[in-house]
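What follows is a single structure, written as structure tokens, with notes after it.
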Amino acid sequence: MSDVLLTTQVGSLPKPDYLLRARSAFARGEISREELRDLERRATREWVEFQNEIGIDVVVDGEQYRGDMVAFFAEELEGFSRGGLVRSYGNRYYRKPIITGPIRRTHPITVEWWSYASSLTDRPVKGMLTGPYTIRDWSFDEHYDTRRDAVLALAEAIRDEAVALQEAGAEYIQIDEPAVSTRMDELDLAIEALGVVTEPLSVHTITHICYGDFHNAYPRMLDLPVDQIDLELTNSDFDLLDRFAEHPFTKSIGLGVVDVHSHRIETVDEVVKGIERTLEVIPPGRVYVDPDCGLKTRTVEEAKDKLRVVVEGARRVRSRLGIDP
Amino acid sequence: MAARVTVVGSYPKPPHEGEEFTLRRTLHALDRGDASVVDVRAAQDDLVREVIEEQARAGIELVTDGQVRWDDAQTRFAEGLEGFGTTGLLRYFDTNTYFRQPVVKAEVARRGRIVLDEFLFARDHSPVPVKQALIGPYTLAALSVDEHYGHLRRLVEDLAAALNEEARELAEAGCEVIAFDEPALARIPGSRPGDLAVLGDVADRLTAGVGATTVLQTFFGDVAEHGPAFFDLPFDAFGLDLVAGPGNLEAVHEFPADRILQAGIVDSRNTRLEDPDDLARRIEGLAATVDPERLWLSPSAGLEYLPREAAQRKCALLAEAARRFRGDR
């Protein structure tokens, strides 16, 4: 495998129907945690096998065992209490966690799932963490005096988890910060906190931020202390590339080439075009090809189809560049 | 009344912990075809009665129906007016709450009453006066995709005319306080403040002939950089968020003597409970620059960003702080 135009994904994948049903049954107390866990392992195995089959280069576990990306970590860290229901949109609600005491990581959170996924593939599996800024922004805080205090306490907890993933053998560790784009005025705080997480890491580090006011945040965004920034390029019709032409994008890029909000499956030609436009401003060795964001809101079939198109598009460009198929 | 206690608008729809979430269940049943719009209406009516009673019991003296019949203000008014469609989900300012973004597809107009019937129901089931909130024309325009006008001012003008009709009818029906929610005017973290001149141009049109106390309601941020011109707008009252907008405390020093200040002093974005003595002291501070008879108190924004229990506690806390202030005087 040549390390050029590697294909990967942002993190989450849809849960199959049997797992959705089992989660509801577990919530109603009808099945045990062990029964649910078995089905989470089955879904994880199926997703890793699918990625093996289509030839994704950097695999994810698909987060079949997570509900919400913030609540999952809040439930595992000391210092959080389960919050009440608040509305997300329309008739949908979620339990927003509450910070009620000092935040501490008392045990590994994702390492076991990472190890399980790794045992099912010869390819590298990405360690997937939610970033300290996002966990704070999407929680209530009754304990810390300032947002900064809470974010930095979370940064230490997430750093310890990241170090544990590195020690377990993860070659790629992604720290998702989708909330950063909501409040670009706090970008400095997000940079500082991410620095705490990545400082002891020697592996390839990534952060994913969802679409926001990037035009104003660029090139300051390049100060995020990671090797790779993963961006939704398709959702914004690749308009950031013009900014990259003016001011070089100095990191690796996770290049979102399919929209995760639409049911339509992109054509391979569209993916090829997106990659080729990007290669005009960023060299292929620094381009990782993936969907715009986590695919968990799509159906299983839509997610699979979109991933096939991502892999095929990258393969076609590699072959045009004269790199191995 | 000195330091009248009110709310901004929304109230949590989820029930208290352990109780049945009837409205959510009924809406799901409606989606599956297992319930009718009549069932949904009944669930909404029950919840309106419940949240009004809850606010009043907590000591809120001017309540709302909690907007529990709405998904959100944008959707409610886009559906209620002529000329709108909707598109994908958009984040509501710096919250983690989303709404279907309205799309302006044709000339905007009022085809009939929008929230008037909701007001009448609330009024008939409330032991205390009921305030009605309407989305402001500037904010609705700012949060919509405009595929028709191509010109913000013209869209805001037409929205102001349509909302004015609704406000006049509300006032004629006996609504004593009508708030126009204009968060888009504030400097909210991560975004720029709105263009005050655009609202300024249509404000007379918006409030003309409305025989009620009109409130220009902002939240989530500062309006300080608009300067004293903000308070020159033709509204009887101004609602400011003194939690997320620390600069608003400065702006209040220039508050005109003939208007009402609705001070949002309890944080509606965090479950942490304020100390009632601290709140009472803050009220004292405000009363040094604003006549207490013209000072209203409220949470910093709508309460739906909190779980139900926290919202109820925040209301009680606000009322308790007002009592201490009144007792201290």
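First to last, the sequence lines map onto chains A and B.
Counted from 1, the first sequence has number 239 at position 239 by this note's numbering; the numbering is strictly sequential.
Counted from 1, the second sequence has number 1258 at position 258 by this note's numbering; the numbering is strictly sequential.
Just so it is clear, CB atoms sit at the ideal spot from N, CA and C, and this is done for glycine as well.
In chain order, Ser88 and Tyr89 make up the part of chain A whose C-beta sits under 7 Å from the C-beta of tyrosine 1098 (chain B). Where arginine 1113 (chain B) is concerned, there is no enclosing alpha helix (DSSP H), because DSSP gives it neither an H nor an E.
Proline 1307 (chain B) reaches chain A at Gly83, Gly84, Leu85, Val86 and Lys96, counting residues in chain order whose Cβ is nearer than 8 Å. Per DSSP, histidine 1253 (chain B) is not a residue of any alpha helix (DSSP H), being assigned neither H nor E.
For the options B:Glu1054, B:Pro1193 and B:Asp1222, the alpha carbon positioned closest to that of leucine 1242 (chain B) is the one of B:Asp1222. Close CB contacts of glycine 55 (chain A) within its chain, under the 7 Å cut and outside five residues either way in sequence, are with Val311 (chain order). Interface annotation for the region 138–149 of chain A against chain B: Trp138, Phe140, Asp141, Glu142 and His143, criterion Cβ-Cβ distance under 9 Å. At a cut-off of 8 Å between beta-carbon atoms, threonine 1139 (chain B) makes no contact with chain A. Per DSSP, alanine 1288 (chain B) lies in no beta strand (DSSP E) and is assigned neither H nor E. Neighbours of threonine 234 (chain A) in chain B, taken as residues at a C-beta separation under 9 Å, are lacking, since the least C-beta distance is about 14 Å. Within the region 180–194 of chain A, the residues whose Cβ lies closer than 9 Å to any Cβ of chain B are, in chain order, Ser181, Thr182, Arg183, Met184, Asp185 and Glu186.
Using a Cβ-Cβ cut-off of 8 Å, threonine 1271 (chain B) is close to Gly83, Ile98, Phe140 and Glu142 of chain A, given in chain order.
Under a criterion of Cβ atoms nearer than 7 Å, the residues of chain B adjacent to histidine 261 (chain A) are, in order, Gly1088. For valine 257 (chain A), no alpha helix (DSSP H) segment is defined, and its DSSP state is neither H nor E.
In the three-state reduction of the DSSP assignment, valine 272 (chain A) falls in the helix class, which pools H, G and I. Close to chain A, meaning a Cβ-Cβ distance shorter than 7 Å, are the following residues of the region 1183–1202 of chain B: Pro1189 and Gly1190. Bridge partners of methionine 128 (chain A) according to DSSP: A:Gln174.
With respect to chain B, the C-beta atom of tyrosine 93 (chain A) has a partner C-beta closer than 8 Å. Close CB contacts of threonine 1289 (chain B) within its chain, under the 8 Å cut and outside five residues either way in sequence, are with Val1252, His1253 and Phe1255 (chain order). The secondary-structure analysis by DSSP pairs serine 1298 (chain B) across a beta bridge with B:Gly1264.
Using a CB distance cut-off of 8 Å, aspartate 1065 (chain B) does not count as an interface residue toward chain A. Between the alpha carbons of aspartate 68 (chain A) and alanine 1229 (chain B) lies a distance of about 44 Å. Against chain A, the beta carbon of glutamate 1017 (chain B) has neighbours under 7 Å at Gly84, listed in chain order. Within chain A, the residues whose beta carbon sits less than 8 Å from that of leucine 1027 (chain B) are Asn91, listed in sequence order. Interface flag for aspartate 1039 (chain B) against chain A is unset, since no Cβ pair is found closer than 8 Å. Membership of alanine 1203 (chain B) in the alpha helix (DSSP H) is indicated by the continuous run 1196–1207. In the three-state scheme derived from DSSP, where H, G and I count as helix and E and B as strand, serine 88 (chain A) is classed as strand. Put simply, of A:Phe249, A:Pro108 and A:Asp292 the residue whose alpha carbon is nearest the alpha carbon of leucine 255 (chain A) is A:Asp292. The DSSP-derived three-state label of glutamate 1169 (chain B) is helix. Per DSSP, the continuous alpha helix (DSSP H) segment holding lysine 304 (chain A) begins and ends at 300–320. Note that the C-beta distance between leucine 5 (chain A) and arginine 320 (chain A) is not below 8 Å.
Taking aspartate 57 (chain A) as reference, the option from A:Thr7, A:Glu199 and A:Ala217 with the minimal CA-CA separation is A:Thr7. Taking a cut-off of 8 Å on C-beta distances, the region 69–76 of chain A does not touch the region 1070–1084 of chain B, as fewer than three cross pairs fall below it.
The beta carbon of aspartate 1071 (chain B) sits closer than 8 Å to some beta carbon of chain A. Collapsing the DSSP output to three states places tyrosine 133 (chain A) in a helix.
Minimum Cα-Cα distance from glycine 1083 (chain B) among the listed residues B:Val1038, B:Val1130 and B:Val1145 corresponds to B:Val1145.
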